[in-house]
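In the working numbering, the protein residues as written are 236 to 444.
Here you go:
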């Protein structure tokens, strides 16, 4: 195994560990804006950075390994983890593939914009198609009223319109906010981390000669 490969695997392992740590510790709800079960959390941040620095496969691997580590702690019959996996991989692949093709600051920004769009689209479609229905069956034995009670922060929500109201007032704005926060932080810190990774690679390559 080459020294460059060792550095890449080491970086992937460390970013994966950060992703898991962020998921379990660095998260918080915004109950005055959104239902309390929606947490702002930054577990996709290390994966996006990994995708930009090491390529789409590395970034996707971080998402996949993080998901496997989370599975034993699932409280959603693994459905939440499945959505995290789909959103994470799709988002990382989209942004990192664009950045790989247009390897400039402008390309990075294009990748971020596309990543935000894909993130929001998949999250909203998942909620619309099956996530809320699953949670109603899994947590409340098919009763809609307890879920509607949890959505009380949404104006005018009822048992007849809870899905549409949740998508409009929670799923769309929440995921736009979350994805924008994650990509904004990526934009601010990526260059420093990228330089560190490349410096380590160059150092080990030089020492290996």
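The beta carbon of each residue, even a glycine, is placed where N, CA and C say it ideally should be.
DSSP state of residue 272, grouped into three classes? Within the chain shown, the letter at position 37 stands for residue 272. Three-state result, residue 272: coil.
If residue 389 and residue 404 are in contact, beta carbons under 8 Å, what's the gap, nearest whole angstrom? Here residue 389 corresponds to residue number 154 of the chain shown, with the count starting at 1. Here residue 404 corresponds to residue number 169 of the chain shown, with the count starting at 1. For residue 389 against residue 404, the beta-carbon gap comes to about 5 Å, under 8 Å, which counts as contact.
Run the CB neighbour count on residue 336, radius 10 Å, all protein chains shown included, and call it buried at 16 or more, exposed below. As a working mapping, residue 336 is identified with position 101 in the chain shown. Its Cβ having fewer than 16 others within 10 Å, residue 336 is exposed.
Cβ neighbours of residue 377 in the same chain (closer than 7 Å, five flanking residues each side left out): Taking the first residue of the chain shown as position 1, residue 377 is located at position 142. So the list reads 371, once near-sequence residues are dropped.
Any contact between the stretch 313 to 321 and the stretch 281 to 296? By contact I mean 3 or more CB pairs, one from each, below 8 Å. In this structure the stretch 313 to 321 does not touch the stretch 281 to 296; the number of beta carbon pairs closer than 8 Å is below three.
Three-way DSSP call (helix, strand, coil) for residue 390 in this model: Reading the chain shown from its first residue, position 155 is the one you call residue 390. Looking at residue 390 - three-state DSSP - the assignment turns out to be coil, as it is neither helix nor strand.
Contact check, residue 270 vs residue 360, beta carbons under 8 Å: By 1-based counting over the chain shown, the position of residue 270 is 35. By 1-based counting over the chain shown, the position of residue 360 is 125. Contact flag unset, no.
Considering just the uninterrupted stretch of the beta strand (DSSP E) at residue 445, what are its terminal residues? Look at the range of the chain in this structure, 236 to 444, and you will see that residue 445 is not part of it.
Please state if the CB of residue 288 and the CB of residue 327 are separated by a distance shorter than 8 Å. To locate residue 327, count along the chain shown from 1; it is residue 92. To locate residue 288, count along the chain shown from 1; it is residue 53. Against a cut-off of 8 Å, the Cβ pair of residue 288 and residue 327 comes out as no contact.
Among 362, 303, 411, 423, the one whose alpha carbon lies nearest that of residue 399: Taking the chain shown and counting its residues from 1, the one referred to as residue 399 is at position 164. The shortest Cα separation from residue 399 among 362, 303, 411, 423 belongs to 362.
Going by C-alpha to C-alpha distance, which of 357, 242, 426 sits closest to residue 406? Here residue 406 refers to the residue found at position 171 when the chain shown is read from its first residue. The option with the nearest alpha carbon to residue 406 is 357.
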